[in-house]
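Per the working numbering: the sequence shown = residues 1 to 331.
Down below is the structure, laid out as structure tokens.
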Amino acid sequence: MERRRFLRGTGAAIGGSLLAGCAGSDGRTVTVDYAYYNPVSLVLREKGWLSAAFAETDVDVEWVLSLGSNQANEYSQSGQAEVASTAGIAALMARSNGVPITTPYVYSEPEWTALVTFAETGVESVADLEGKRVAATRGTDPYFFLLQALDDAGLSEEDVEVVHLQHPEGQSALVGGDVDAWAGLDPHMAELELEHDGAELFFREPAYNTYGFLNFLDGFLADHPEDARRVLETYERGREWAIDNPTETAGILASESEMSQAVAERVFTRRTDLSEPLPGESHGELLSDLAPILEREGLVTDDADPAGSVDDLLDPEFAAEVVGDAGNGGE
């Protein structure tokens with residue numbers, strides 16, 4: 001994948017205008033999201049490491065909760081968060097639609113989504129979903145996972161009734177019998193799998209999960225690179241701590257999400273890989289392969305170029321030095 005120069009183009013100017021209200025030299029606030037699907041963010045918030053990293057500056061840290069990639073993208077689009085956690089395909093959708101974000105860091109490689117049902121629905125394969133009601137959160141990885149699964153089975157979104165609900169509500173709808181299947185997301189999916197008899201993950205394909213992207217507003221990166229570096233350094237500290245302390249990390253996930261330790265351990269120790277924090281060729285190739293879905297499903301504007309936006313989105317150069325420093329004993 002051809003690399004672009006950091007912050008090339010007009011995105012930085014757009015991002016700067018979004019952040020005009022908090023771009024003064026003193027008393028700024030950096031807003032970062034945390035999400036149950038991003039365990040490292042929960043570690044940083046629990047440990048207070050991000051606030052500590054800014055303790056000797058005039059910058060305060062504010063945390064906001066993202067319940068899904070769609071909400072995280074809303075924070076980015078409105079300028080409410082300088083740093084937000086999404087799935088890779090959701091980040092590409094936002095960038096293609098003009099949201100000025102760049103992804104310098106990958107917070108996880110998860111298998112965090114699958115298609116879920118109960119035995120009594122009679123759904124045993126994706127083909128069985130034809131004419132059925134399926135809960136999904138539009139603009140998130142589970143939604144795109146569902147679209148790919150349907151395509152594999154020779155179906156499209158028009159062949160099913162997609163009920164658009166946030167992830168926890170989708171889980172509840174399946175349990176309540178209001179839908180026949182759910183495009184699930186961990187940790188809610190693992191909770192359903194472990195704590196409800198008869199719940200079945202009837203379609204799994206790890207390759208259809210599009211990584212966890214940490215997205216920075218271009219204006220933040222351009223105007224406050226030292227602050228952006230502090231965020232990345234702290235993420236590296238959290239990533240390495242989580243790798244070294246999987247049980248404790250699962251405990252933080254359990255506490256924050258109000259789920260059991262068993263559920264959290266299944267999510268973190270069996271379905272989350274933190275080994276590759278820099279975006280690279282594999283991420284670009286996957287997004288390029290999925291770009292046509294965004295156009296086919298009408299999820300980008302008519303003049304958008306999702307395939308061409310991949311290089312605009314991914315830029316590991318800024319984080320490469322941070323990751324290298326951490327690997328050499330740096331903070």
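Here a beta-carbon is modelled for each residue, glycine too, at the ideal position from N, C-alpha and C.
All of these numbers come straight from a predicted model, not from anything done at the bench.
Looking at V163: is its Cβ nearer than 9 Å to the Cβ of D152? no
Taking the runs of the beta strand (DSSP E) that are 3 residues or longer, which of them lie wholly in the segment 139 to 189? Within the segment 139 to 189, the complete beta strand (DSSP E) runs of at least 3 residues are 161 to 164 and 181 to 185.
When you compare the CB positions of V43 and A242, do they come within less than 9 Å of one another, or not? Yes, Cβ-Cβ distance for V43 and A242 is below 9 Å.
DSSP on F83, reduced to helix/strand/coil? First, the residue type needs correcting, since residue 83 is Val and not Phe in the sequence shown. If DSSP states are grouped into helix, strand and coil, V83 belongs with the strands.
Exposed unless 16 or more other CB atoms sit within 10 angstroms - verdict on R45: buried
Output yes or no for whether 9 Å exceeds the beta carbon distance between I293 and L147. yes
Identify the continuous beta strand (DSSP E) that holds E297 and give its terminal residues. Unbroken run through E297: none, as it is neither H nor E.
In the DSSP output, what is E62 paired with across the bridge? T31
Could you tell me the boundaries of the beta strand (DSSP E) in which A333 lies? The question about residue 333 has no answer here: the residues shown for the chain are numbered 1 through 331.
Bridge partners - P110, DSSP secondary structure assignment: T272
Near Y75, which residues of its chain fall below 8 Å by C-beta distance, leaving aside the five closest residues on each side in sequence? T31, D33, V64, S66, A81 and A84
Among the residues of its own chain, which have a CB less than 7 Å from the CB of T234, if the five just before and after it don't count? Once the five neighbours on either side are set aside, the close Cβ partners of T234 are L44, W49, L50 and A53.
Would you give the residue range spanned by the beta strand (DSSP E) that F202 belongs to? Its beta strand (DSSP E) spans residues A199 to F203.
Enumerate in chain order the residues of its own chain whose CB-to-CB distance from A173 is below 8 Å, with the five nearest sequence positions on each side excluded. A135, V163, L165, V179 and W182
So what's N97 in DSSP terms, helix, strand or just coil? The three-state reading of DSSP puts N97 in coil, since its state is none of H, G, I, E or B.
Which one or two residues does DSSP pair with T210 in a beta bridge? Bridge partners of T210: none, in fact.
Decide if G219 is buried, meaning its Cβ has at least 16 other Cβ atoms within 10 Å, or exposed. buried
Between the alpha carbons of R8 and F202, how many angstroms are there, rounded? Low confidence applies here, because R8 scores a pLDDT of 29, under 50, leaving its location unreliable; read the following figure in that light. Using only the alpha carbons, I get a separation of about 43 Å.
Closer than 7 Å by C-beta to F6: which residues in its own chain qualify, once you throw out the five before and the five after it? Chain order, please. Caution applies to F6, whose pLDDT of 28 falls short of 50 and renders its modelled position unreliable; the model cannot decide the point.
Figure out for me which residue from G27, R28 and A35 has the closest Cα to the Cα of F213. Between F213 and the set G27, R28 and A35, the nearest pair of CA atoms involves A35.
By the 10 Å Cβ neighbour count, where 16 or more other Cβ atoms means buried, how is Q261 classified, buried or exposed? exposed
Using the three-state DSSP reduction, which class does Y36 fall into: helix, strand or coil? The answer is coil: DSSP assigns Y36 none of H, G, I, E or B.
L115, DSSP secondary structure in three states: strand
Mapping DSSP to helix, strand and coil, what is P277? coil
Spell out the partners DSSP gives T102 in its beta bridges. F216
Member of E195, T210, E56 and E120 whose CA lies at the smallest distance from the CA of S69: T210
So what does L314 bridge to, in DSSP terms? T103
Evaluate contact between the segment 301 to 315 and the segment 265 to 274, counting only Cβ atoms and requiring at least three cross-stretch pairs below 8 Å. With fewer than three CB-CB distances shorter than 8 Å, the segment 301 to 315 does not count as touching the segment 265 to 274.
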